[in-house]
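Residue numbers (the working numbering), protein chains in the order written: chain A, -8 to 196; chain B, 1092 to 1561. Beta carbons: idealized from backbone N, C-alpha and C, even for Gly.
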């Protein structure tokens, strides 16, 4: 996984609460493998009409935000389905950070696994950043994970992130390698547990 | 004396292999369910040349992509056929038991797990599907995970987690006649919001919850994720033990008795502390339907639609206006004036035998004014419904009786609501485009969907139940 330390880039405001993973990537694209270019269908039904033409009013279609590296949204971004393709779509489009007041639990778990930063700010702060971007679409944001702050013009906002997730993003840790280092403890747990909870193993069929 | 513990603490402690200094714990996974959509995870295994650590604790179903109409052994759509074949190949390669398309036990993963006795009280259950919270109904700690985590569980049978916030939702007292689990959970979500339980493990408690059957509790816990919860759980009791007993994969004989003894100790101790508490009164809960594009947009059936002009908060007003626009309905109208184009009875939320019976009790001897599809939660539920003659009631009412799968809840098998069409649905998500691009979804209980079918518009089911046995 790629490490995340500091990022500066165009930021696209999506002024909606409860942006769910069905909106981020509609279900019909879930059979796609990542090498098919999942970034192309990010927000597909919000970005394009039924004939495949761009919807001019969707922010990601505006010239200043086409190349966005950051998305700013209202509360509960990424709620709904556990589809990791939602994170693949954002990442493969070029988004490296989403800023919002809250995130769907499974979505933010998936994000950290793939190097996409989910930065939490207060409701009013998200609204303020989105308003600043609407006033000046060219305004780049800087997101600094080490300092846990967002620089937006002459304003600086502190953001929160779970410290474990922060460390994982900064270091680009691989979970499986880490878990493998505890192999002996897992085996010991399993032996102890099977003696204590024999009923937890399914009856042989 | 040890400190009183919640059921969440007890389940957590029983599965914690180790805790790092930073607070992250490595947990043991008792059951891992996979489905066609888990292909990303199998690809990750292949790329690492890794195997499955515990194939005996891993079970697979074909549910998301299976057709509900036409041939299931010779699937016409090549993309669906490929997805179903892929799960067959991946599970065969790794020695994982599959309830596949030709298996009489095939069905939706969250119906099959409990039905087969694979999901038990006291287990930690994961699956690459957000509605894994369903299994908490039996007193399991069950949550949905993403593809990377699915790969991790396949390779190690463990998962890294941070202990969630403990939250208790109490529904005190009895509910009124005709009120079911779907009404209770929609009332809870309307009260706390679609992110009201984010980061929380929720225990459902109180007389109204205790009075629910296991099937009702499955519906309740299923939609925990729609309030943002990591998982939902109901402490196991005599109702739970009676449900589990005799199921194919459940412990038998002396093993079962020993298990019941262990399960009986899972309930939250008196005086145990929850970080958050919410209480609803059962008597306040009416039959509920959703009107908007988030499950939190839920109102009693006798209510009128919200008016953005009367919303003091500008953001809330915008959200209400956007939702009403998408749904094609005008502010201030009565919910019961909203005409529907079709109905769907199915999904992991509401397609168990009691759900089908409840819908059939309304539809018996009546005709649906709109078309609709009924898709049982599992092939065994379908078989039982046919033995009880429920399929004939649905057909005679004019509805289609399909095969089992996720079907029109998520629409990836081709069962879609057409653009602009309005569907009364027993499912779990009324998101924009969830049931197909441009589709408009109203969530409600199976009996309420049946009432909408009979009237051709949203309606209170209770008058239709007068004098009927339900």
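Item, Value
"Just mark residue 14 (chain A) as buried or exposed, buried being the case when its beta carbon has 16 or more other beta carbons within 10 Å.", "buried"
"Could you say which of A:34, A:54, A:39 lies nearest to residue 68 (chain A) if we only look at CA atoms?", "A:34"
"Helix, strand or coil: which one does DSSP assign to residue 1342 (chain B)?", "coil"
"Can you tell me whether residue 176 (chain A) is buried or exposed, with buried defined as 16 or more other CB within 10 angstroms of its CB?", "exposed"
"Whose Cβ in chain A lies nearer than 8 Å to the Cβ of residue 1253 (chain B)?", "153, 155"
"Leaving out the 5 sequence neighbours to the left and right, which residues in its chain are closer than 7 Å to residue 163 (chain A) when beta-carbon positions are compared?", "-8, -7, -6"
"Just to check my reading of the structure: residue 1536 (chain B) and residue 1497 (chain B) have Cβ atoms closer than 8 Å, yes? What is that Cβ distance to the nearest angstrom?", "In fact, because the Cβ distance is near 19 Å, the residues do not count as touching under 8 Å."
"For the beta strand (DSSP E) holding residue 1499 (chain B), just list the boundary residues, first then last.", "Here residue 1499 (chain B) belongs to no beta strand (DSSP E), and DSSP marks it neither H nor E."
"Can you tell me whether residue 1242 (chain B) is buried or exposed, with buried defined as 16 or more other CB within 10 angstroms of its CB?", "buried"
"Let me confirm a value: residue 1511 (chain B) is counted as buried when at least 16 other C-beta atoms fall within 10 Å, else exposed. Which label applies?", "exposed"
"Opposite residue 1101 (chain B) in the DSSP bridges: which residues?", "Note: residue 1101 (chain B) sits in no beta bridge, so no partner."
"Give the interface partners of residue 1501 (chain B) over in chain A, defined as CB-CB distance under 7 Å, in chain order.", "18"
"Output, in chain order, the set of chain B residues within a Cβ distance shorter than 7 Å of residue 22 (chain A).", "1170, 1174"
"Counting only beta-carbon atoms, is residue 1525 (chain B) nearer than 8 Å to chain A?", "yes"
"Please tell me whether residue 128 (chain A) has its Cβ less than 8 Å away from any Cβ of chain B.", "no"
"Does any residue of chain A bring its CB to less than 8 Å from the CB of residue 1209 (chain B)?", "yes"
"Are residue 18 (chain A) and residue 1214 (chain B) touching if we call contact CB-CB under 8 Å?", "no"
"Could you please give the first and the last residue of the uninterrupted alpha helix (DSSP H) stretch that includes residue 1546 (chain B)?", "1537 to 1546"
"Could you check how far apart the C-beta atoms of residue 1144 (chain B) and residue 1248 (chain B) are, in whole angstroms? I think they sit under 8 Å.", "4 Å"
"Report the three-state DSSP secondary structure of residue 79 (chain A) (helix, strand or coil).", "helix"
"Could you give the residue range of the alpha helix (DSSP H) that holds residue 131 (chain A)?", "No alpha helix (DSSP H) contains residue 131 (chain A), which is instead part of the beta strand (DSSP E) from 131 to 135."
"Any contact between the region 1095 to 1109 of chain B and the region 1179 to 1195 of chain B? By contact I mean 3 or more CB pairs, one from each, below 8 Å.", "no"
"Straight-line CA distance for residue 1374 (chain B) to residue 82 (chain A)?", "47 Å"
"Between residue 1419 (chain B) and the rest of its own chain, which residues show a CB-CB distance below 8 Å, the 5 nearest in sequence each way excluded?", "1511, 1513, 1531"
"What is the rounded straight-line gap between the Cα of residue 1223 (chain B) and the Cα of residue 1313 (chain B)?", "7 Å"
"At 7 Å on the CB atoms, spell out the chain B contacts of residue 194 (chain A), in chain order.", "1340, 1341, 1342, 1343"
"What does the alpha-carbon distance come out to for the pair residue 1481 (chain B) and residue 1297 (chain B)?", "33 Å"
"Interface residues of chain B around residue 96 (chain A) at Cβ under 7 Å?", "1289, 1290, 1319, 1321"
"Cβ closer than 7 Å: which chain A residues qualify as neighbours of residue 1285 (chain B)?", "9, 67, 70"
"Round the Cβ separation of residue 1460 (chain B) and residue 1545 (chain B) to the nearest angstrom and send it over; I've been treating them as touching at under 8 Å.", "7 Å"
"Going by C-alpha to C-alpha distance, which of B:1289, B:1383, B:1318, B:1505 sits closest to residue 99 (chain A)?", "B:1289"
"Would you mind reading off the limits of the beta strand (DSSP E) that contains residue 1368 (chain B)?", "1367 to 1372"
"What number of angstroms, rounded off, separates the C-alpha of residue 64 (chain A) from the C-alpha of residue 1406 (chain B)?", "12 Å"
"Just to confirm, are residue 1414 (chain B) and residue 1383 (chain B) a CB contact at a threshold of 8 Å?", "yes"
"Is it the case that the region 1295 to 1309 of chain B contacts the region 77 to 92 of chain A, given that we only count it when at least three CB pairs across the two stretches are under 8 Å?", "no"
"Given 7 Å as the limit, tell me if residue 1451 (chain B) has its C-beta closer than that to any heavy atom belonging to the ligand FMN.", "With respect to small molecules bound, the structure shown includes none, and the ligand FMN cannot be examined in it."
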